[in-house]
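Visitor:
Numbering (UniProt numbering), first residue to last: 1 to 616.
1) State yes or no: is the C-beta of residue 137 within less than 7 Å of the C-beta of residue 355?
2) Can you tell me whether residue 95 is buried or exposed? The criterion is at least 16 other CB atoms within 10 Å of its CB, across all chains shown.
3) Since residue 237 sits in a beta bridge, which residues does DSSP pair it with?
4) If distances are taken between C-alpha atoms only, which option among 273, 487, 239 comes closest to residue 351?
5) So what's residue 219 in DSSP terms, helix, strand or just coil?
6) Who pairs with residue 401 in a beta bridge, going by DSSP?
7) Apply the 10 Å Cβ neighbour rule to residue 411 and answer buried if 16 or more other Cβ atoms are within range, or exposed otherwise.
8) If I measure Cβ to Cβ from residue 261 and keep anything under 6 Å in the same chain, skipping five residues before and after, which residues do I get?
9) Quick one: what does DSSP say residue 528 is sitting in, helix, strand or coil?
10) Here's a check: name, in chain order, each residue in its chain whose Cβ is nearer than 8 Å to the Cβ of residue 191, leaving out the five neighbours to either side.
11) Report the rounded CA-to-CA distance for residue 257 versus residue 345, giving the unit in angstroms.
12) Does the segment 466-477 come within contact of the segment 539-558, defined as at least 3 CB pairs closer than 8 Å?
13) Can you tell me where the beta strand (DSSP E) with residue 30 in it begins and where it stops?
14) Have a look at residue 556 and residue 145 and give me their C-alpha separation to the nearest angstrom.
15) Let me check one thing: in DSSP terms, what residues is residue 617 bridge-paired to?
16) Taking just the CA atoms, how far does residue 493 sit from residue 176?
17) By Cβ distance, which residues of its chain are closer than 8 Å to residue 398, with the 5 residues on each side in sequence left out?
18) In angstroms with no decimal places, state the Cα-to-Cα distance between residue 578 and residue 440.
19) In terms of alpha-carbon separation, which member of 405, 454, 365, 207 lies closest to residue 564?
20) Output yes or no for whether 7 Å exceeds the beta carbon distance between residue 151 and residue 37.
21) Buried or exposed for residue 49, going by 16 or more other Cβ atoms inside 10 Å?
22) Taking the beta carbon of residue 384 as the centre, do at least 16 other beta carbons fall within 10 Å, making it buried, or is it exposed?
23) Around the C-beta of residue 524, are 16 or more other C-beta atoms found within 10 angstroms, so that it is buried, or is it exposed?
24) Taking Cβ positions, are residue 214 and residue 295 nearer each other than 7 Å?
25) Taking 7 Å as the limit between beta carbons, can you name the residues of its chain near residue 182, skipping five residues before and five after?
26) Give me whichever residues DSSP pairs with residue 201 in a beta bridge.
27) Whose C-beta lies closer than 8 Å to the C-beta of residue 499 among residues of the same chain, with five residues either side of it excluded?
28) Counting pairs of Cβ atoms below 8 Å between the segment 223-232 and the segment 7-24, do you hit three or more?
29) Provide the residue span of the alpha helix (DSSP H) that contains residue 479, from first to last.
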């Protein structure tokens, strides 16, 4: 989250020069330690430079492109003499940054509302076809939150066995920057004198840490590759924190950084002069600020993860938000204060959705609650409350989930596994060896999504709209965009359940038997274990008319199973008493909207999110 304008002021002071960092074909000269979240956003930045979308509601970059670009950029670094050391991804953020995170989420929500207003006013009213021809709209689009699963997609791409970087990836129980510093210090102790260490990141906090005399920090966004004489060179800015502190006659840069944060308009030299004029700082605010740039047990945890590959892989298989939730419930760090906390936080990814509608995260809430319950039950924390944070209009809402049902949890987990198995076995009659096929998962997510619609009493979308979302076709309206966000919410909720089940099975092992639900965990985990990657389920694919027709039949069968009164639009148009039939359809929708239930099936769907799978 960083110190405002820190890099700019360092550049102005001449201590962050732009220079050549390496040449193609050069022997390894620097060990590169990489801040994973910064790297993921740098990947997106490089792709967006040469890509523009003509549709304001359509992403111009896909997750598959991000995963491939991440691998390409790492290989580019290797080609120019950088040896890839470790790549660290956040697995938890400190509680002290909670307010800042909430402010950022609120800012995203406000910017989304502004974007919709400009989109409706400028694009629809003016009738313009190219979003990028409207400067105001283009600027508003660039201010939106990054794709919600960007970091996870890049992480998955690096974990591919074929890319060669999976052994370098770490998801750590803290912010990535501290582990970057710990890894840099460790690398200096083992590397040769002619091999330096560089931390590659866009987080200005890393300029403040003391990462060692031979460690430099290289901002990712300033990297540039140039061709000359048939070869290429890599250039960029670099800052040597330890050497800078020495030149300023300081033990470290922490106090200087404090003044630069307090006085964002002053130059580095002016802040240094203030240090000479003022008395030594000793207030509580400075003490808390300085603590951010001190390592605690990060070196110990890093050493453990480096020598215990099984545990490293266990953490690396988790999305950052899910890892953070687990870390709050089952702390890894010795100094964690969350072990006995009555509440734990879950910051849901910010979705690109219609800000005028109910949050898309209303979808999948029952699946996520089951996930939380499984985690808390395994950890023996059945009285803990989970607080979900998500968009609500232009603001951020907090939903408190509690009142767990530990007595029935094993039964509900078993029903979950059986229901998913039944759905997948029924899908096209495929054999188990074909279960990971994308179509099985699309059908499963569609059924779960429409089950939540029925549970909420919402009218079903038009089959063609749901088919378009399943096939990842471009969204041409805010309604379709919101339906796509709801699909993503259900996908992520199932992904969360899968990751939590896998984690507790490996973390607790046979200890789950004592809690009476080990078999239920295994059965459900077995049905979710081959869930495809983000880029597979959220990637646009070319389709034929036959594909669309086939999916229309699937969608119509799902809707008919959930609501016996539902009929395909074409059938309603053909009926001679179509007016009466349409009136009945409207009545049914009205009943759903007011929460009325017309059958035992509806009551079953209300209590068990997986019941709809068994009903088909």
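Backbone N, C-alpha and C fix where the C-beta goes; we use that ideal spot for every residue, glycine too. On a predicted model such as this, the values are computed, not experimentally measured, just so you know.
Guide: Taking the structure as given:
1) Residue mapping note: residue 137 aligns to position 137 of the chain shown, counting from 1. Residue mapping note: residue 355 aligns to position 355 of the chain shown, counting from 1. Their beta carbons are not under 7 Å apart, which means residue 137 does not touch residue 355 by this criterion.
2) Locating residue 95 in the chain shown gives position 95, counting from the first residue. It counts as exposed.
3) For the purposes of this step, residue 237 is taken as the residue at position 237 of the chain shown. The partner list for residue 237 (beta bridge, DSSP) reads 18.
4) Translated into positions along the chain shown, residue 351 becomes position 351. Closest option to residue 351, Cα to Cα, is 487.
5) As a working note, residue 219 is residue 219 in the chain shown. In the structure shown, residue 219 sits in a strand (DSSP, three-state: E or B).
6) Working through the chain shown from its first residue, we reach residue 401 at position 401. 386, per the DSSP bridge assignment.
7) Indexing the chain shown from 1 puts residue 411 at position 411. It is exposed - the Cβ of residue 411 has fewer than 16 other Cβ atoms within 10 Å.
8) Residue 261 sits at position 261 when you count from the first residue of the chain shown. Once the five neighbours on either side are set aside, the close Cβ partners of residue 261 are 3.
9) Position 528 of the chain shown holds residue 528. DSSP places residue 528 in helix when its eight states are reduced to three.
10) Sequence index remark: in the chain shown, residue 191 carries index 191 (1-based). Only 31, 197 meet the Cβ criterion.
11) Here residue 257 is taken as the residue at index 257 of the chain shown, counted from 1. Here residue 345 is taken as the residue at index 345 of the chain shown, counted from 1. Cα to Cα, residue 257 sits roughly 30 Å from residue 345.
12) yes
13) Numbered from its first residue, the chain shown carries residue 30 at position 30. Run containing residue 30: 30-35, per the beta strand (DSSP E) assignment.
14) As a first step, residue 556 is located in the chain shown; it is residue number 556 there, counting from the start. As a first step, residue 145 is located in the chain shown; it is residue number 145 there, counting from the start. Going from the Cα of residue 556 to the Cα of residue 145 covers about 34 Å.
15) Here the chain has residues from 1 to 616 only, and residue 617 is not among them.
16) Residue 176 sits at position 176 when you count from the first residue of the chain shown. Residue 493 sits at position 493 when you count from the first residue of the chain shown. The straight-line gap from Cα to Cα measures roughly 25 Å.
17) Taking the first residue of the chain shown as position 1, residue 398 is located at position 398. Closer than 8 Å at the Cβ level, and outside the excluded window around residue 398, lie 387, 388, 389.
18) Taking the chain shown and counting its residues from 1, the one referred to as residue 578 is at position 578. Taking the chain shown and counting its residues from 1, the one referred to as residue 440 is at position 440. With a pLDDT of 49 at residue 578, under the threshold of 50, the modelled position of this residue cannot be trusted, and the question is left open.
19) Along the chain shown, read from residue 1 onward, the residue named residue 564 stands at position 564. Measuring from the Cα of residue 564, the nearest candidate turns out to be 454.
20) Numbered from its first residue, the chain shown carries residue 151 at position 151. Numbered from its first residue, the chain shown carries residue 37 at position 37. Their beta carbons are under 7 Å apart, which means residue 151 touches residue 37 by this criterion.
21) Walking along the chain shown from the start, residue 49 turns up at place 49. By the neighbour-count rule (16 or more Cβ atoms within 10 Å), residue 49 is not buried but exposed.
22) Indexing the chain shown from 1 puts residue 384 at position 384. That one is buried.
23) By 1-based counting over the chain shown, the position of residue 524 is 524. Buried.
24) Within the chain shown, the letter at position 214 stands for residue 214. Within the chain shown, the letter at position 295 stands for residue 295. No. Outside cutoff.
25) The residue labelled residue 182 in the question sits at position 182 within the chain shown. Only 295, 298, 299, 302 meet the Cβ criterion.
26) One-based indexing of the chain shown puts residue 201 at position 201. Residue 201 is bridged to 219.
27) For this step, residue 499 is matched to residue 499 along the chain shown. For residue 499, where only same-chain residues beyond five positions count, the Cβ hits under 8 Å are 317, 318, 319, 322.
28) yes
29) For the purposes of this step, residue 479 is taken as residue 479 along the chain shown, with counting starting at 1. Where residue 479 is concerned, the enclosing alpha helix (DSSP H) stretches over 478-508.
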